[in-house]
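For reference, the structure is listed below as structure tokens.
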Amino acid sequence: MTSPENPFEASASALGYLYQLRVALQRCVELSRGGIEWSVAIEATDDVQALIGSRTELTQLKKRADNVRLTDLSQDLWKTLRVWSHAVTEGQIDLAETNFYLITTAELPEDSAGFLLQPKASGHRDEQAAEALIVRARQSSKSTTLDKAFKAFDALGEQRRAELISRIEVIGDAPGMDSIREELLGYASLAVERRFAESFLQRLEGWFFERASVQMSFPGSDPVSGAEFDELFNDLRNQIGEHNLPIDPDIAALTAAAPAAADAADKVFVHQLRLIDVGAERIGYAVRDWVRAFAQRSRWVNENLLRAGEIGAYERRLVEEWQSRFAEMREDLGDEAAEEEMKREARLIYRWVDREARLRIRTGCEEVFVVKGSYQMLADELRVGWHPDFSVRLAALLEPAGATDGRA
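Residues in the sequence shown are numbered consecutively from 1, following the UniProt record's numbering.
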């Protein structure tokens with residue numbers, strides 16, 4: 001619960017959580033470029049834990065406001081040392097096979113322990129001097145707040161203390177959330193065309209955030225594996241491109257009870273089905289397909305994933321596929337057919353749509369609801385229909401909206 005004294009506590013926590021997820025996703029992308037023999041977990045032994053073969057990476061993340069400095073007595077430093085010292089003492093990790101990373105957005109003052117524990121490439125790394133500064137800070141401090149951290153550190157003993165510090169890398173002035181996302185967007189542009197990179201990354205983040213939430217919510221559940229990530233990454237890459245379009249899981253899961261279907265009872269396409277005595281259950285499925293197709297097509301449009309005129313060209317093909325079948329039905333019925341005979345033949349046309357019509361908007365987009373739902377959208381505009389006289393009988397439904405007679 002957010003305290004009255006600190007109304008921004010909840011949002012700060014949420015931002016920290018989002019930062020943690022983005023860093024973990026970034027590490028997954030980096031590791032995936034070298035193979036699939038790895039896994040990444042969040043809030044397992046550490047904020048982010050990666051297993052690469054027999055080697056373990058433990059990462060502590062500290063997102064701080066601007067102008068904050070990581071000194072030798074900073075709580076961020078000592079709380080991190082407490083977590084790692086405890087894990088070593090309790091035998092939860094093998095020091096010889098573990099690397100430790102403290103990633104902070106804070107500054108690293110020169111000649112501080114953090115400054116001296118930067119990666120070797122920085123040119124500033126001096127493990128012995130860093131250890132001396134940490135020990136001196138511990139001995140000089142009278143802080144009761146850090147007492148548990150000091151005791152955990154002391155329990156290591158000199159040899160394990162030195163080994164732990166030798167395996168720590170501190171990364172200061174770390175990129176913020178926006179910078180990390182820009183870097184991820186750069187990775188995405190290598191996987192798909194640059195104009196599709198944002199859509200690709202949105203879906204990758206959505207999957208990863210949901211997957212990480214499940215992993216954290218159920219202790220003992222599997223971390224994200226390299227094989228799993230590689231499969232998802234390649235699947236997304238195959239969905240977004242010239243020959244395919246993405247089908248989003250949240251849309252594919254929509255049902256006829258979704259909010260968008262609340263007013264479907266008065267839709268023209270529903271009246272079309274009632275006109276030929278289609279049962280309530282099948283009408284429910286038609287509404288479901290309409291909801292999904294409408295939502296997915298709208299998202300494609302909003303994300304600029306469609307070519308200019310592509311929807312119009314697809315609908316023309318759908319209408320032309322229907323036209324020859326509908327014309328044949330009317331020829332076979334003639335002008336004297338009884339109502340029941342017309343309904344029976346009309347249900348056969350609709351059965352074709354429901355069971356056989358599979359014209360794809362793009363060759364790789366195989367999702368059935370796109371076709372079936374698009375036909376419902378066309379039926380809603382009276383551009384296609386099932387009953388031989390549908391355009392005459394149902395045109396009045398569109399007149400309040402200023403439509404024409406809607407003849408097919």
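Using N, Cα and C, we set each Cβ at its ideal position, and we do this for glycine too.
- Under the three-state reduction of DSSP output, Gln92 falls in the coil class, being neither helix nor strand.
- Arg82 and Ala149 do touch by the CB rule: their CB atoms are close to 4 Å apart, below 8 Å.
- Under the three-state reduction of DSSP output, Ile168 falls in the strand class.
- Arg125 sits close to Leu116, with the two beta carbons spaced by under 8 Å.
- Take the alpha-carbon of Asn244 and the one of Arg292: they are about 17 Å apart.
- Asp66 has its alpha-carbon roughly 32 Å from the corresponding atom of Leu51.
- The count of Cβ pairs closer than 8 Å, one atom from the stretch 96–104 and one from the stretch 157–177, reaches three, so the stretches are in contact.
- In this chain, the alpha helix (DSSP H) harbouring Ser140 covers Glu127 to Ser140.
- Annotated three-state conformation of Lys120 is helix, per DSSP.
- When the Cα atoms are used, Leu394 and Ile251 turn out to be separated by approximately 30 Å.
- Your pair Ile42 and Met216 checks out as a contact, with CB atoms roughly 6 Å apart and the cut at 8 Å.
- The three-state secondary structure of Ala41, taken from DSSP, is strand.
- Sorting Arg64, Val68 and Ala96 by C-alpha distance to the C-alpha of Ser54 places Ala96 at the top.
- For Ile276, the three-state secondary structure derived from DSSP is coil.
- DSSP places Ile311 within a helical segment (H, G or I) once states are collapsed to three.
- Within 10 angstroms of the beta-carbon of Lys62 lie 16 or more other beta-carbons, which makes it buried.
- Under DSSP, Gly241 shares a beta bridge with Asn244.
- CA-CA distance, Glu336 to Ala295, rounds to 41 Å.
- For Ile36, no alpha helix (DSSP H) segment is defined, and its DSSP state is neither H nor E.
- DSSP places Asn67 outside both helix and strand once states are collapsed to three, so it counts as coil.
- Leu190 counts as exposed, since fewer than 16 other beta carbons sit within 10 angstroms of its beta carbon.
- With contacts defined as CB atoms closer than 8 Å, Leu164 and Val48 fail to qualify as a contacting pair.
- In the three-state DSSP reduction, Ser217 falls in the helix class (H, G or I).
- Restricted to the stretch 298–375, the alpha helix (DSSP H) segments that are unbroken, complete and at least 4 residues in length are 310–333 and 339–355, listed in chain order.
- In the same chain as Trp300, and ignoring 5 residues on each side of it, the C-beta atoms closer than 7 Å to its own belong to Leu245 and Leu306, in chain order.
- The three-state secondary structure of Lys79, taken from DSSP, is helix.
- Residue state for Ser225 is assigned as strand, using DSSP reduced to three classes.
- Contact check for Gly284 against Ala327 fails: the beta carbons are separated by 8 Å or more.
- DSSP places Leu58 in the strand class (E or B) of the three-state scheme.
- Annotation for Thr71: Pro109 and Ser112 place their beta carbon closer than 7 Å to its own, counting only its chain and skipping 5 residues before and after.
- With a threshold of 16 other beta carbon atoms within 10 Å, Arg161 meets it and is buried.
- Across the set Ser391, Arg211, Thr80 and Ile240, the C-alpha of Ile240 shows the shortest separation from the C-alpha of Thr363.
- Residue pairing by DSSP places Thr98 opposite Thr56 in a beta bridge.
- Straight across, the Cα-Cα distance linking Gln159 with Glu131 is about 12 Å.
- For Leu254, there is no enclosing alpha helix (DSSP H), as DSSP gives it neither H nor E.
- If you draw a straight line from the Cα of Arg64 to the Cα of Gln92, it is about 28 Å long.
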